[in-house]
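Be aware that the sequence shown starts at 2, since it is given in the working numbering, and climbs by one per residue. Ideal Cβ placement from N, Cα and C applies to all residues, glycine included. One structure is given below, encoded as structure tokens.
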Amino acid sequence: MVIPSLKAGGAERVMSFLANNINSEKFQIHLVVIGFPENSVYNFEYSKTIFLNKHRVRQGIFPLIQLIIREKPVLVMSSLAHLNNIVSFLSFFLRKTSFIVREANIDRIRSTFNDVKSKKGLSINFKKWFYPSLRYIICQSEDMYDAFVQEHPHLKEKVKIINNPVNDDFKLKQGSAKERNKRLITVGALHKRKGHLRLLSSVSQLTFPFEYVIIGDGPEKQVLMDYAVELGILQHIQFISFTKEVARYLSQSDFFLQGSFVEGFPNAVIESCAVGTPVIAFEAPGGLNEIILNGKNGHVFKTETEFINGLEHYAETPTFIPSEVRDIVIKKFGKNKILQHYEQLFLESI
């Protein structure tokens with residue numbers, strides 16, 4: 002299993018989770034990290050982890066090739082686009098090994114945001130010439146599957162949908178104080194595609210008192226802080242760059258706010274539901290329609306006006322039952338169920 006780094010991120014979390022939890026009686030897992038151990042925020046103690054100690058993926062190409070030739074694995078799985086391109090290239094030549102890539106985003110929409118440098122032409126060439134040599138391609142959601150197959154119909158037979166799992170860190174919260182300001186939270190990288198600006202605009206128009214925690218880091222942080230000052234709400238917002246106590250913050254919150262314009266599959270959304278905190282979201286491709294049941298574990302709204310009115314309604318009229326909010330996602334995305342899907346796919350691949 003190959004990943005660029007174990008820095009904070011959805012793909013990194015899922016890959017480290019899989020490496021540590023796949024049935025060791027069936028599979029011997031090696032987790033290969035292009036980067037450095039000191040940059041890791043995810044646990045890798047249970048898997049055999051190899052750090053290539055390279056700053057960039059391209060610097061790790063030849064060490065990775067040497068490692069694959071030496072170890073002769075029956076299966077190699079990677080995640081994140083630039084690394085997937087390289088792995089697909091290797092699959093064209095190393096035919097004795099099965100290769101799987103896990104797509105992390107809906108590229109067609111994500112590339113429209115200028116905080117991501119588009120490499121569409123390069124990606125199309127890889128998907129045209131080398132992706133056919135892959136054994137399988139994993140998409141995280143039905144939306145991602147539909148977008149991928151529409152753009153690359155020649156790869157349809159290789160594409161499988163496997164959602165992301167909820168891990169054991171997220172336990173059901175034990176009630177909350179009623180006489181206090183409503184606590185709102187958003188977790189995610191501070192990029193334009195994550196929609197923090199429209200969330201700030203929305204919360205600035207709320208009529209009830211609130212406290213808003215934003216966990217994440219990225220190039221838009223100063224922009225968001227300046228906008229919060231402009232809106233006159235900075236005193237109500239706490240920015241947290243990174244914490245290993247996300248579960249605690251989610252448990253202490255009344256609502257998770259999701260503003261993304263596109264997702265692969267929003268890990269923080271299912272983690273919030275897993276502790277019993279409902280999600281109020283803007284409509285966007287990337288798995289929300291598979292996660293959120295309106296009125297049961299959250300609500301998805303199309304416009305800012307609907308979002309504000311909906312949040313006002315749910316804040317005034319308690320509707321969500323924490324145990325039900327949790328049960329909905331555990332039944333769909335529980336650890337054992339998702340691990341079973343991956344293990345079955347691995348067995349089919351070798």
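Measuring straight from C-alpha to C-alpha, what distance separates residue i and residue j?
{"i": "residue 309", "j": "residue 244", "result": "28 Å"}
{"i": "residue 155", "j": "residue 132", "result": "10 Å"}
{"i": "residue 7", "j": "residue 32", "result": "10 Å"}
{"i": "residue 287", "j": "residue 240", "result": "25 Å"}
{"i": "residue 202", "j": "residue 234", "result": "10 Å"}
{"i": "residue 295", "j": "residue 301", "result": "7 Å"}
{"i": "residue 248", "j": "residue 102", "result": "29 Å"}
{"i": "residue 269", "j": "residue 157", "result": "28 Å"}
{"i": "residue 122", "j": "residue 229", "result": "Residue confidence for residue 122 is low, a pLDDT of 45 falling below 50, so the modelled location carries little weight; the figure read from the coordinates is stated next. Near 37 Å, if we compare the C-alpha coordinates of residue 229 and residue 122."}
{"i": "residue 119", "j": "residue 82", "result": "Caution is warranted here: a pLDDT of 44 is assigned to residue 119, below 50, making its placement in the model unreliable, and the coordinate value is therefore given only provisionally. Their backbone Cα atoms lie some 11 Å apart in a straight line."}
{"i": "residue 139", "j": "residue 149", "result": "10 Å"}
{"i": "residue 224", "j": "residue 197", "result": "10 Å"}
{"i": "residue 207", "j": "residue 335", "result": "34 Å"}
{"i": "residue 327", "j": "residue 314", "result": "21 Å"}
{"i": "residue 272", "j": "residue 265", "result": "15 Å"}
{"i": "residue 57", "j": "residue 89", "result": "18 Å"}
{"i": "residue 191", "j": "residue 342", "result": "31 Å"}
{"i": "residue 258", "j": "residue 284", "result": "12 Å"}
{"i": "residue 292", "j": "residue 53", "result": "36 Å"}
{"i": "residue 337", "j": "residue 91", "result": "31 Å"}
{"i": "residue 93", "j": "residue 134", "result": "5 Å"}
{"i": "residue 345", "j": "residue 169", "result": "21 Å"}
{"i": "residue 318", "j": "residue 238", "result": "24 Å"}
{"i": "residue 21", "j": "residue 141", "result": "19 Å"}
{"i": "residue 19", "j": "residue 72", "result": "20 Å"}
{"i": "residue 9", "j": "residue 41", "result": "8 Å"}
{"i": "residue 242", "j": "residue 218", "result": "5 Å"}
{"i": "residue 116", "j": "residue 39", "result": "Residue placement at residue 116 is poorly supported in this model, since its pLDDT is 47, which falls under 50; the coordinates still yield a value, given next. If you take the alpha carbons of residue 116 and residue 39, they lie about 26 Å apart."}
{"i": "residue 25", "j": "residue 176", "result": "37 Å"}
{"i": "residue 13", "j": "residue 290", "result": "23 Å"}
{"i": "residue 36", "j": "residue 55", "result": "5 Å"}
{"i": "residue 216", "j": "residue 95", "result": "42 Å"}
{"i": "residue 236", "j": "residue 59", "result": "43 Å"}
{"i": "residue 159", "j": "residue 97", "result": "18 Å"}
{"i": "residue 23", "j": "residue 325", "result": "28 Å"}
{"i": "residue 70", "j": "residue 62", "result": "12 Å"}
Which residues does DSSP pair with residue i in a beta bridge?
{"i": "residue 31", "result": "49"}
{"i": "residue 145", "result": "For residue 145, which the question treats as bridged, DSSP gives no partner whatsoever."}
{"i": "residue 239", "result": "214"}
{"i": "residue 140", "result": "162"}
{"i": "residue 282", "result": "259, 301"}
{"i": "residue 295", "result": "299"}
{"i": "residue 99", "result": "76"}
{"i": "residue 184", "result": "212"}
{"i": "residue 4", "result": "34"}
{"i": "residue 167", "result": "335"}
Give me the Cβ distance between residue i and residue j, rounded to the nearest whole Å; I'm assuming they're in contact under 8 Å.
{"i": "residue 340", "j": "residue 166", "result": "7 Å"}
{"i": "residue 275", "j": "residue 188", "result": "About 13 Å; that fails the 8 Å criterion."}
{"i": "residue 350", "j": "residue 76", "result": "6 Å"}
{"i": "residue 79", "j": "residue 136", "result": "Residue 79 to residue 136, Cβ: 12 Å. No contact."}
{"i": "residue 312", "j": "residue 281", "result": "5 Å"}
{"i": "residue 174", "j": "residue 277", "result": "5 Å"}
{"i": "residue 255", "j": "residue 194", "result": "Going by Cβ atoms, the distance from residue 255 to residue 194 rounds to 25 Å, so no, they are not a contact pair."}
{"i": "residue 211", "j": "residue 279", "result": "The pair is not a contact, with the Cβ atoms about 15 Å apart (cut-off 8 Å)."}
{"i": "residue 347", "j": "residue 28", "result": "6 Å"}
Using alpha carbons as the reference points, say which of the options lies closest to residue i.
{"i": "residue 30", "options": "55, 43, 56, 3", "result": "3"}
{"i": "residue 87", "options": "130, 320, 19", "result": "130"}
{"i": "residue 250", "options": "231, 38, 13, 214", "result": "214"}
{"i": "residue 1", "options": "70, 72, 71, 66", "result": "Because the chain in this structure spans residues 2 to 351, residue 1 falls outside the shown range and cannot be described."}
{"i": "residue 181", "options": "205, 253, 174", "result": "253"}
{"i": "residue 11", "options": "210, 312, 259, 43", "result": "43"}
{"i": "residue 152", "options": "134, 107, 172, 194", "result": "107"}
{"i": "residue 17", "options": "26, 5, 27", "result": "5"}
{"i": "residue 172", "options": "19, 342, 323, 68", "result": "323"}
{"i": "residue 34", "options": "21, 50, 20", "result": "50"}
{"i": "residue 164", "options": "267, 176, 37, 55", "result": "267"}
{"i": "residue 333", "options": "97, 162, 186", "result": "162"}
{"i": "residue 15", "options": "69, 104, 60", "result": "104"}
{"i": "residue 316", "options": "62, 13, 204, 61", "result": "204"}
Quick check: is any heavy atom of the ligand NAP less than 7 Å from the C-beta of residue i?
{"i": "residue 5", "result": "Of ligands this structure carries none, so the ligand NAP is not represented either."}
Any beta carbon from chain B within less than 8 Å of residue i's own beta carbon?
{"i": "residue 189", "result": "Note that chain B does not occur in the displayed structure, where there is just one protein chain."}
- Task: For the segment 138-149 and the segment 304-321, state whether three or more C-beta atom pairs, one from each stretch, are separated by less than 8 Å.
- Result: no
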